[in-house]
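Read through the structure below, which is laid out as structure tokens, and then see the notes.
Numbering (the numbering used here), first residue to last: 866 to 1284.
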């Protein structure tokens, strides 16, 4: 997999390969996170494309049916399921997209099963306007709906500033997977065109803040298409364990080594607590501690373990880790680096990792050699000048990263020498 960016966020140019562990190192505010956000938005937009398009159609029709019912009856409560009607229409779109009367018939007949007075209300209020709008919605092209889905995700990740605000140049995101190139062109922060198509069967999970685990209780009732990576992660942390997948992994010893190492920090499990959020339950006790009361570093491991155990981290999946070392003391940094390497080795996961720590970078290097995956690792250096950032491949000269990141320590040593 390869991701290339032009004039996206702070990035003027970047081209990174992600076939194992890809590390982007650099100082703060050099555009490292821009790569992860772009990857998350584009990759997840191509996950189960047809299902996402159908979901958008259903949501549109459901909203119009609800609006129609309220305006016709002056009632805000209903006993019928407008979503179910919408799903029936979308499931047989070929029957309804050119037949206004058929659309009207299925809606009216279904509502009459629950509200026998609805037909009387229709006599006084025309519903034709809503029926036409529903039919028009059915005739919107799949590509236009997909562009809207992608635009929502990009907007959520970049807060409406997808293009580089310091230039008027067109933005471009190119995602290459196997022999397929997806080219997304962006102008004025809107998706102008999408060339290429691929239906992905795995999703990207993006981890950048351990405190997200405190917010899991607030995930309900949110439009999934507009979730940023933080909201998506909350949903996945709230996911039930996939018992079949766990049994399969344990049986093949894929998870055994990882689980033993992570259990040296977190031996218990993250569970639903009585206050509708998440809690931590240690082994051999029925006591549950609210996750808000866990240390920040502990939460980092709790998130990783939960995503492993509930099947979110899956074979050939993709993980984005944005400076995971921040809240970890040196010993736990080493363990976390080892776990990342083991997850890549055992699951074949594609990992995009941002860091500004030479210590953590070195740990990734060492464990990649230890576990025999150093040939699957790529290293990039992010640099910035005048609000414009570039990212270059330094895999064959990693010392450039250490030189950049270690400079502050050298300056401190120089200061010590002047005392």
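Idealized CB from N, CA, C, for every residue including glycine.
Same chain only: Cβ atoms within 7 Å of residue i, ignoring 5 sequence neighbours per side
i, result
"residue 1025", "1054"
"residue 1133", "1145, 1146, 1147, 1148"
"residue 962", "1000, 1003, 1004"
"residue 1221", "890, 891, 892, 893, 1188, 1270"
"residue 909", "1018, 1068, 1069"
"residue 835", "Missing from the structure shown is residue 835; the chain here goes from 866 to 1284 and no further."
"residue 1226", "888, 890, 1220, 1266"
"residue 1236", "1206, 1207, 1210"
"residue 1063", "911, 1042, 1045, 1047"
"residue 1066", "none"
6 Å Cβ shell around residue i - same chain, five flanking residues per side excluded
i, result
"residue 1104", "1175"
"residue 1172", "1178"
"residue 1244", "888, 1259, 1260, 1263"
"residue 868", "881, 904, 1040"
"residue 1170", "1127, 1131"
"residue 1031", "1252"
"residue 919", "955"
"residue 1300", "Residue 1300 is absent from the structure shown; the chain starts at 866 and stops at 1284."
"residue 1197", "1162"
Rounded separation between residue i and residue j - CA only
i, j, result
"residue 1203", "residue 1250", "34 Å"
"residue 880", "residue 1219", "15 Å"
"residue 874", "residue 899", "6 Å"
"residue 1049", "residue 914", "15 Å"
"residue 1252", "residue 1035", "17 Å"
"residue 870", "residue 886", "19 Å"
"residue 1209", "residue 1215", "7 Å"
"residue 951", "residue 925", "8 Å"
"residue 970", "residue 931", "16 Å"
"residue 979", "residue 949", "13 Å"
"residue 994", "residue 939", "17 Å"
"residue 1038", "residue 1207", "30 Å"
"residue 954", "residue 983", "20 Å"
"residue 976", "residue 942", "13 Å"
"residue 933", "residue 896", "47 Å"
"residue 1154", "residue 1052", "48 Å"
"residue 960", "residue 967", "8 Å"
"residue 866", "residue 907", "13 Å"
"residue 1160", "residue 1076", "10 Å"
"residue 1192", "residue 1273", "20 Å"
"residue 929", "residue 1142", "33 Å"
"residue 1166", "residue 964", "55 Å"
Residue span of the alpha helix (DSSP H) that contains residue i, given as start and end
i, result
"residue 1227", "1223-1235"
"residue 938", "914-938"
"residue 901", "897-910"
"residue 1101", "1094-1102"
"residue 1260", "From DSSP, residue 1260 is part of no alpha helix (DSSP H); its letter is neither H nor E."
"residue 961", "958-961"
"residue 997", "993-1003"
"residue 968", "965-977"
"residue 886", "It is not in any alpha helix (DSSP H) - residue 886 instead sits in the beta strand (DSSP E) that spans 886-891."
"residue 1123", "1121-1127"
DSSP bridge partner residues for residue i (one or two, in chain order)
i, result
"residue 1145", "1135, 1154"
"residue 880", "869"
"residue 1206", "Its beta-bridge partners do not exist; DSSP assigns none."
"residue 1215", "1183"
"residue 1244", "888"
"residue 1253", "1250"
"residue 1220", "890"
Residue i - containing beta strand (DSSP E), residue span
i, result
"residue 1052", "1045-1052"
Any chain C beta carbon closer than 8 Å to residue i
i, result
"residue 886", "The chain labelled as chain C is not found in the depicted structure, where only one protein chain is given."
Proximal residues to residue i (C-beta, below 8 Å), its chain only, five neighbours per side dropped
i, result
"residue 1106", "1174, 1175, 1176"
"residue 1029", "872, 873, 874, 875, 876, 877, 1036, 1253"
"residue 1310", "Limits of the chain in this structure are 866 at one end and 1284 at the other, which puts residue 1310 out of reach."
"residue 1217", "881, 883, 887, 889, 900, 901, 904, 1183, 1184, 1185, 1186"
Residue i beta carbon near the ligand ADP (any heavy atom closer than 7 Å)
i, result
"residue 1237", "With respect to the ligand ADP, the structure offers nothing, as it holds no ligand at all."
What alpha helix (DSSP H) runs, 4 residues minimum, are completely inside the stretch 1007-1086? 1007-1023
Could I get the ranges of all uninterrupted alpha helix (DSSP H) runs contained in the stretch 1160-1196, with 4 residues as the minimum, in chain order? 1161-1174
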